[in-house]
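>
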Amino acid sequence: MDQYCILGRIGEGAHGIVFKAKHVETGEIVALKKVALRRLEDGIPNQALREIKALQEIEDNQHVVQLKAVFPHGAGFVLAFEFMLSDLAEVVRHAQRPLVPAQVKSYLQMLLKGVAFCHANNIVHRDLKPANLLISASGQLKIADFGLARVFSPDGSRLYTHQVATRWYRAPELLYGARQYDQGVDLWAVGCILGELLNGSPLFPGENDIEQLCCVLRILGTPSPQVWPEVLELPDYNKISFKEQAPVPLEEVLPDASPQALALLGRFLLYPPRRRISAAQVWNEVSRTKELWRQLCLRRWSSCKASQMTLGTQTWKQYYLCRAELEFRMECGRPEKDFICRAIAGHKGGIDELAYVSNSGCRFDGQEKSVVCTVSSDSTVRAWDVQEGAEIWSSPVQPAALVNLVTFPRLQLAVTVDKLGLIKVWKAENGREWASFSLPAHSSALQACDRPEGPFLLVFCTRSLLALVEEEPPVSTTLPIWRISRACWAPDETARLMVMHRNHDSGQLAITTYELEAKQSQEGVDVVVQQIASFLLPDTMTPPHLMKARGSQVILLVSGLELVLFTIQGLQLAAFQDHQKPISALWVDESRVLTASFDLSLRVYVWSKENPLPVLKSCYHLLGGSHRWASGFTHVESDSVSIVGVEARNIGTSILRSYCFNIRHGSDDCVN
Ligand code: ADP
Ligand code: MG
Numbered sequence: 084m085d086q087y088c089i090l091g092r093i094g095e096g097a098h099g100i101v102f103k104a105k106h107v108e109t110g111e112i113v114a115l116k117k118v119a120l121r122r123l124e125d126g127i128p129n130q131a132l133r134e135i136k137a138l139q140e141i142e143d144n145q146h147v148v149q150l151k152a153v154f155p156h157g158a159g160f161v162l163a164f165e166f167m168l169s170d171l172a173e174v175v176r177h178a179q180r181p182l183v184p185a186q187v188k189s190y191l192q193m194l195l196k197g198v199a200f201c202h203a204n205n206i207v208h209r210d211l212k213p214a215n216l217l218i219s220a221s222g223q224l225k226i227a228d229f230g231l232a233r234v235f236s237p238d239g240s241r242l243y244t245h246q247v248a249t250r251w252y253r254a255p256e257l258l259y260g261a262r263q264y265d266q267g268v269d270l271w272a273v274g275c276i277l278g279e280l281l282n283g284s285p286l287f288p289g290e291n292d293i294e295q296l297c298c299v300l301r302i303l304g305t306p307s308p309q310v311w312p313e314v315l316e317l318p319d320y321n322k323i324s325f326k327e328q329a330p331v332p333l334e335e336v337l338p339d340a341s342p343q344a345l346a347l348l349g350r351f352l353l354y355p356p357r358r359r360i361s362a363a364q365v366w367n368e369v370s371r372t373k374e375l376w377r378q379l380c381l382r383r384w385s386s387c388k389a390s391q392m393t394l395g396t397q398t399w400k401q402y403y404l405c406r407a408e409l410e411f412r413m414e415c416g417r418p419e420k421d422f423i424c425r426a427i428a429g430h431k432g433g434i435d436e437l438a439y440v441s442n443s444g445c446r447f448d449g450q451e452k453s454v455v456c457t458v459s460s461d462s463t464v465r466a467w468d469v470q471e472g473a474e475i476w477s478s479p480v481q482p483a484a485l486v487n488l489v490t491f492p493r494l495q496l497a498v499t500v501d502k503l504g505l506i507k508v509w510k511a512e513n514g515r516e517w518a519s520f521s522l523p524a525h526s527s528a529l530q531a532c533d534r535p536e537g538p539f540l541l542v543f544c545t546r547s548l549l550a551l552v553e554e555e556p557p558v559s560t561t562l563p564i565w566r567i568s569r570a571c572w573a574p575d576e577t578a579r580l581m582v583m584h585r586n587h588d589s590g591q592l593a594i595t596t597y598e599l600e601a602k603q604s605q606e607g608v609d610v611v612v613q614q615i616a617s618f619l620l621p622d623t624m625t626p627p628h629l630m631k632a633r634g635s636q637v638i639l640l641v642s643g644l645e646l647v648l649f650t651i652q653g654l655q656l657a658a659f660q661d662h663q664k665p666i667s668a669l670w671v672d673e674s675r676v677l678t679a680s681f682d683l684s685l686r687v688y689v690w691s692k693e694n695p696l697p698v699l700k701s702c703y704h705l706l707g708g709s710h711r712w713a714s715g716f717t718h719v720e721s722d723s724v725s726i727v728g729v730e731a732r733n734i735g736t737s738i739l740r741s742y743c744f745n746i747r748h749g750s751d752d753c754v755n
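Numbering (my numbering), first residue to last: 84 to 755.
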């Protein structure tokens, strides 16, 4: 006792006085429970012995009050517990109004965790009630007062006293004098506590044992042997008889409680103990709910305040797992060695489109400026300096939502298309509006392509875009096909265009290759279109969402997780399925193919010299994410790749992050 200095008296329970005390050396505040031995020859009281035994078997659980030390004192001994600020009885008593559902849920969850833990260890508390559920300064609920707890033998062969549990929380089998019972008595008490939290006052406040049974019967109805056959064998069943009463629906007893809360309450407050839902089962059910995952997210990342996630298909659970995984991987990866990651500050709202407008990406040495354009959900176009991590310019709010963004790094232009088909060309360095014209109505679904010299789809000559004269529309032509979903230029030809479209007759996806030529005539510039190859994609293939070309003959398609290579005549060269998550970006040049996935893992493929098949080289970086998408390789340097990802935080907000991967390093000691 000398190690402690008593600060005051906290309470006096049935079995001893409780003091607040401070450990002299460590300054730690504890609760000391003095247990007196009235007559020495009795030895240590059973109650206290049980308490110690139960607590020691329980060891450490965050929802069971921690027993720090036990030492003899005078004619008794002292238990030292972690100090708790309050208890649930006090919380209910002092609450101005009934607890809000979130509070009830949170207390119930903590209680269930603690109870499930005890039961898993064959410990039945036998005295669960609000006064024995202590609340820490940080709001944690912990089960205390194991004075009546017993370590139960699972075979149920032993007899126990029925004089357990404080009356209001005493299970019906105990009220009928059962000597054989189990965890069910705690589950009944959990039901009573839940009812009390919802009600603001005890559900069954009996003034004596008989009246207690009356209170229960008034709500649950008289127990019938059909519902509860074992009741017939209970010692006191025939000693008392009550007049037949029908059960009262719980929604009448607790009219303000939610249907879910009442449904749960009804699964605890059942006559047959075996039918009461187990704490572990509720815990499992609760842990499957959105609410739990939301709570976990909020606890871990206080910044995600949304009431609902809008990360595409992501649920709170996925968000939690994803982000935890990201953090784990970030810990494992070697920042500044394997990757550098920067948040680009200042973006408000959601991001709908993103593309690089600079020729170079973020580099390890950070020399060159790297710029991305975004189209935001507030209908603005913005440019961001990836190196500096800040906004460069922002356009005025546009009259209609922007649906498409294409950038022309070499021309330092960004082109947006709005919902109504209005095309605008923006200067990348200062955000000035360079030109604007309307898209013909039938072609609003078309996508533009990055090719400075050539015309871009449907088909504007970019050179004429640059030298746009007022009133005169840019040079354009239409292709003789419809329902185009994607297109790309063959890098080795001046104007070879590969177009993905729906086949005219069957509606099947096809890829057709054209050669385009701009011819000067007397009237102006004419664009001549010539088809050179066409093939149908296998109808088993998911519609590709990325398309690039290599040389003049090879087409690379990405659908979902898969990368597939075809010749322009439709011969399938190879297929790779190396990613765990859908591929979000594809880079193709003369020497390499790179794919990046939503989890920001990277794969590097190398073209072999002899044939057009890429030789697989894996470069799986220790970096993952909760990214909505990761986009836009800029120039892939020999040793680094730069990706800008959008991490969707919650409704309508996103964070831009830029990553630079050291791929040479990664491919050397690749982790797979
Ligand atoms: P009893 O078996 O006599 O009911 P308890 O362990 O429930 O003993 O303690 C009695 C009272 O003392 C509790 O209701 C609570 O108010 C207070 N108390 C018990 N343990 C602590 C603790 N660790 N921290 C703060 N107060 C406590
Ligand atoms: Mg107590």
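Glycine included, C-beta positions come from ideal geometry on N, C-alpha and C.
None of these values were measured; they are calculated from a predicted model.
Can you tell me the Cα-Cα spacing of Leu90 and Lys105, whole angstroms?
Rounded to whole angstroms, Leu90 to Lys105 spans 7 angstroms at the Cα level.
> Give me the Cα-Cα distance between Ser441 and Leu629, rounded to the nearest whole angstrom.
21 angstroms
> How is the alpha helix (DSSP H) around Lys196 delimited, first residue to last?
184-203
> Span of the beta strand (DSSP E) holding His584?
It spans 579-585 - the beta strand (DSSP E) in which His584 sits, taken as one unbroken run.
> Could you round the C-beta distance between Leu562 and Leu592 to whole angstroms and report it? I think they count as a contact, below 8 angstroms.
So it is not a contact: roughly 16 angstroms between Cβ atoms.
> For Phe327, is the classification buried or exposed, using 16 other Cβ atoms within 10 angstroms of its Cβ as the cut-off for buried?
Reading off the sequence, residue 327 comes out as Glu, not Phe. Burial call: exposed.
> To the nearest angstrom, report how far apart His748 and Ser741 are at their CA atoms.
Its pLDDT being 43, under 50, His748 is placed unreliably in this model, and the coordinates cannot settle the point.
> Can you tell me which residues form a DSSP beta bridge with Phe744?
Phe422, Val724
> For the ligand MG, is there any heavy atom lying closer than 6 angstroms to the beta carbon of Gly78?
Residue 78 is absent from the model: the chain starts at 84 and stops at 755.
> Would you mind reading off the limits of the beta strand (DSSP E) that contains Ala473?
473-477
> Where do the N-terminal and C-terminal ends of the beta strand (DSSP E) with Ile276 fall, by residue?
Counting along the chain, Ile276 falls outside any beta strand (DSSP E), though it belongs to the alpha helix (DSSP H) covering 267-282.
> Is it right to say His202 is buried, meaning 16 or more other beta carbons lie within 10 angstroms of its own, or is it exposed?
buried
> Strictly by DSSP, which residues pair up with His156?
Gly159
> So which of Leu115, Glu419, Val498 has the shortest CA-CA distance to Met84?
Leu115
> Can you give me the start and stop residues for the beta strand (DSSP E) that Asp461 sits inside?
Element bounds for Asp461: n/a, residue is neither H nor E.
> Considering only heavy atoms of the ligand ADP, does any lie closer than 6 angstroms to the CB of Asn215?
yes
> Using 10 angstroms around the beta-carbon of Ser737, count the other beta-carbons present and answer buried if the total reaches 16, otherwise exposed.
buried
> Measuring straight from C-alpha to C-alpha, what distance separates Ala433 and Gln179?
This sequence places Gly at residue 433; Ala is not what is there. Taking the straight line from one Cα to the other gives about 40 angstroms.
> From the DSSP output, read off the bridge partner residues of Tyr597.
Leu580, Gln614
> So what's Val101 in DSSP terms, helix, strand or just coil?
strand
> Tell me the DSSP bridge mates of Val174?
For Val174, which the question treats as bridged, DSSP gives no partner whatsoever.
> Identify whether Arg233 lies in helix, strand or coil by the three-state DSSP scheme.
strand
> Whether or not the stretch 669-678 and the stretch 635-642 are in contact is what I'm after, with contact meaning three or more pairs of Cβ atoms, one per stretch, closer than 8 angstroms; do they touch?
yes
> Let me check one thing: in DSSP terms, what residues is Ala518 bridge-paired to?
Val508
> Assign Cys88 to buried or exposed, taking buried as 16 or more other Cβ atoms, counted over all protein chains shown, within 10 Å of its Cβ.
exposed
> Does the separation of the CB atoms of Val148 and Lys225 fall below 7 angstroms?
Yes, they are a contact pair.
> Give the DSSP-derived three-state secondary structure of Glu335 in the structure shown.
helix
> Would a C-beta distance cut-off of 7 angstroms place Ser568 and Thr595 closer than the cut-off?
no
> Considering Val810, what are the terminal residues of the beta strand (DSSP E) in which it resides?
For residue 810 there is no data in the structure shown, the boundaries of the chain being 84 and 755.
> Is the beta carbon of Gly504 less than 7 angstroms from the beta carbon of Ser478?
no
> If you measure from the CB of Ala220, is any heavy atom of the ligand ADP nearer than 6 angstroms?
no
> Cβ of Pro43 within 7 angstroms of Cβ of Val175?
Nothing about residue 43 can be reported from this structure: the residues present for the chain run from 84 to 755 only.
> If you follow the beta strand (DSSP E) that Phe649 is in, where does it begin and where does it stop?
645-650
> Where do the N-terminal and C-terminal ends of the beta strand (DSSP E) with Ala570 fall, by residue?
567-572
> Given that a residue counts as buried once 16 or more other Cβ atoms are within 10 Å of its Cβ, and exposed if not, what is Glu436?
buried
> Short of 7 angstroms in beta carbon distance, which residues of its chain neighbour Thr650, apart from the five on each side in sequence? Order them along the chain.
Cβ-Cβ distances below 7 angstroms link Thr650 to Gln636, Val637, Leu656 in the same chain, with the five nearest sequence neighbours on each side left out; the list follows chain order.
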